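Colleague:
In UniProt numbering, the protein residues as written are 1 to 413.
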């Protein structure tokens, strides 16, 4: 009889606690999110954020990113991440405070004796296990999923096919395709409209970066920046449409990153022949390519402003990839990087004139002839295309606390 009375009291405590928690969630959802307290994290993007989706159904032999030295710094093995270690999304998950989600009230009361001990200490925890790729088998999606996949674009494949670029683009999952994957996975996150609304209202959605691969299609086809500029309005609209689609699904807290300064990356520096005054005197980056990236980001910021006006109850943050990479070049000692021209940690020299970039299209990182530098923490560029774990960590910190976002994810109280 004492056990029954204890269970009744326990059930009442759970009811009161859950009711209070529900009230707090309804009244302070955005405030809690701004303090970095989330139920879950959802990520969409390309190879800057792919945590293994591309290799879930097997590893193509030509995929160098699925071989060492990729993954060597943190994992000791390749994971499908295009880096020596963790990505921005991994660092965000580690640094944010994640709330335990509340199950259906009936199941709590029915099983109160078993669940009560876990309720208090599990209600809030610091950090999150690495966000699983959405295509991973037998993964737990209790705290969200990573839908990013290498090669992703803002625009769907038919767009490129209509421009005669179908054979150039390698599009394994455009933004809207990833959002459909998110919809398909929703039963793993929530079971009703209200439950989904409450769950997504305290989740962080990272949407991008998108655009880099869209622009690579005309650039790698030899059509130049003039054609890439013509793609820009459609790319910006594609990103904006994706953000709107996620808001329609219940997202109220999103960070939308811009693109990196294209002209600073060894893959382009190795390919381009510019006049002397076409390079930044201090950075060594190609000016006109960086201008292109800056213009994309300016248009993206303007699009996000329109979305904010349209959705005043939604927090939309611009995540800055451009500024940190420029700072890595101009103030490397501030971040622990070597002062040098843009140089891939992992790669091989090409021609004597381009040897400083350590990028060779016939001996890319992970391929025969390529080697990794002794200490990746001294470099911001990992393979000439993607960044090192050290660089991603600095960017993630700048998104979380500033200054690499137009407002930090975690607001100071």
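Built from N, CA and C at the ideal position, the CB exists for glycine as well.
Computed from a predicted structure; not experimentally measured.
#1: Distance, Cα to Cα, residue 377 vs residue 191?
#2: Starting from residue 332, trace the alpha helix (DSSP H) both ways and give me its first and last residue.
#3: Just grab the DSSP bridge partners of residue 253 for me.
#4: Measure the C-alpha to C-alpha separation of residue 287 and residue 295 and round it to an integer number of angstroms.
#5: Just reading off the alpha helix (DSSP H) that residue 293 is part of, what are its end residues?
#6: Taking DSSP as the reference, what is the three-state secondary structure of residue 342?
#7: Measure the Cβ-Cβ separation of residue 359 and residue 261 and say whether it is below 7 Å.
#8: Exposed or buried, which one is residue 178 when buried takes at least 16 other CB atoms within 10 Å?
#9: For residue 214, does the count of other Cβ atoms within 10 angstroms reach 16, so buried, or fall short, so exposed?
#10: Can you give me the C-alpha to C-alpha distance between residue 396 and residue 45, rounded to a whole angstrom?
#11: What is the C-beta distance between residue 212 and residue 255, in whole angstroms, given that I count them as a contact (C-beta under 8 Å)?
#12: So is residue 234 buried or exposed if we call it buried at 16+ other beta carbons inside 10 Å?
#13: With hydrogens ignored, establish whether the beta-carbon of residue 229 is closer than 6 Å to any heavy atom of the ligand PLP.
#14: Who are the Cβ neighbours of residue 405 in its own chain at under 8 Å, not counting the five residues just before and after it?
#15: Rounded to the nearest angstrom, what separates residue 209 and residue 157 at their Cα positions?
#16: Identify the continuous alpha helix (DSSP H) that holds residue 213 and give its terminal residues.
#17: For residue 369, count the other beta carbons within 10 Å of its own beta carbon; 16 or more makes it buried, fewer makes it exposed. Which is it?
#18: With 16 other CB atoms within 10 Å as the buried threshold, where does residue 308 fall?
#19: Roughly how many angstroms separate the alpha carbons of residue 270 and residue 280, rounded to a whole number?
#20: Residue 260 by DSSP, collapsed to three states: which one?
#21: Measuring alpha carbon to alpha carbon, tell me which residue in 217, 278, 247 is nearest residue 201.
#22: For the stretch 57–73 against the stretch 174–188, are there 3 or more C-beta pairs whose distance is under 8 Å?
#23: Using a 10 Å radius around the Cβ and a threshold of 16 neighbouring Cβ atoms, would you call residue 92 buried or exposed?
#24: Note down the Cα distance separating residue 41 from residue 382, rounded to an integer number of angstroms.
#25: In this structure, what does DSSP give as the bridge partners for residue 270?
#26: Per DSSP, what kind of secondary structure is residue 69 in: helix, strand or coil?
#27: Kindly list the residues whose CB is nearer than 8 Å to the CB of residue 339, restricted to its own chain and excluding five residues on each side of it in sequence; keep chain order.
#28: When the Cα atoms are used, what is the spatial distance from residue 410 to residue 38?
#29: Any idea which residues DSSP pairs residue 381 with across the strands?
#30: Skipping 5 residues on each side, what residues in its chain have a beta carbon closer than 8 Å to that of residue 301?
#31: List the residues that DSSP assigns as beta-bridge partners of residue 414.
#32: Our contact map puts residue 189 next to residue 251 with C-beta atoms below 8 Å; I'd like the distance itself, whole angstroms only.
#33: What does the Cβ neighbour count give for residue 242, buried or exposed, with the cut at 16 atoms within 10 Å?
#34: Sort 403, 402, 394, 373 by Cα distance to residue 84 and report the nearest one.
#35: Could you tell me which residues DSSP pairs with residue 205 in its beta bridges?
Modeller: Taking the geometry as given:
#1: 44 Å
#2: 332–335
#3: 315
#4: 12 Å
#5: 287–310
#6: coil
#7: no
#8: buried
#9: buried
#10: 15 Å
#11: Their Cβ separation, rounded to whole angstroms, is 17 Å, which puts residue 212 and residue 255 out of contact at 8 Å.
#12: exposed
#13: As far as ligands go, the structure on display features none, and thus does not contain the ligand PLP.
#14: 255, 317, 318, 319, 320, 398, 399
#15: 18 Å
#16: 212–220
#17: exposed
#18: exposed
#19: 15 Å
#20: coil
#21: 247
#22: no
#23: buried
#24: 26 Å
#25: In the DSSP output, where bridge partners are listed per residue, residue 270 has none listed.
#26: coil
#27: 332, 333
#28: 11 Å
#29: 344, 387
#30: 258, 318, 406
#31: A question about residue 414 goes unanswered here, because the residues of the chain that appear run from 1 up to 413.
#32: Incorrect: roughly 12 Å between the Cβ atoms, too far for contact.
#33: buried
#34: 373
#35: 42, 254
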